[in-house]
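Undergrad: In full-length UniProt numbering, the protein residues as written are 1 to 121.
All C-beta atoms in this analysis are idealised placements derived from N, C-alpha and C, irrespective of residue type, glycine included.
Nothing here was measured: the structure is a model prediction, and the numbers come from that model.
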Amino acid sequence: MTRWLRRIAPLGLLLLAACHRGQDSAGPQIVHAGTPTAGVTGHAVDYRCEEDKTLRITFVGDRAVVDTGYDRYSLRATGPGEDTYLQDGHADSEIHLEADGSKAHLTLKDGVAFKNCVAQS
């Protein structure tokens, strides 16, 4: 019984963590690079920006998952068919993305900006 419990308990904790992770929260959804992001599928576009910065944006429905190389942000479009993405779609968002398939501009809460980003083929 003890062996079985030792083997199954970690799986139970992982399942609980996965369930909790799937809930929307009021704050930004930030996943550090290198962390698996299960379920992130969609149309990915690589951008090259000023100051040799790069971005990868994966468009998934009304969401955009932005990978800056050191952090990932999950943002929501401000409306159907819009090219503006914010944290949870709120106007007072600390992270602001303007993006389409060819150009992008990302501003982070600490003032860091990815400017004049152009899609790479």
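1. Taking 7 Å as the limit between beta carbons, can you name the residues of its chain near K115, skipping five residues before and five after?
2. Provide the residue span of the beta strand (DSSP E) that contains C117, from first to last.
3. Less than 8 Å between the beta carbons of V66 and G42, yes or no?
4. When the Cα atoms are used, what is the spatial distance from D110 to S74?
5. Let me know the secondary structure DSSP gives D46 once reduced to three states.
6. Using a Cβ-Cβ distance cut-off of 8 Å, determine whether V118 contacts chain B.
7. Look at the alpha carbon of L86 and the alpha carbon of S121, and state the distance between them as a whole number of angstroms.
8. Which residue's Cα is closest to the Cα of R72: T78, V118, R56, P80?
TA: A quick look at the data gives this:
1. These residues qualify, in order along the chain: C49, E50, H105.
2. 113-119
3. no
4. 17 Å
5. strand
6. Here there is only one protein chain, and chain B is not present.
7. Taking the straight line from one Cα to the other gives about 26 Å.
8. R56
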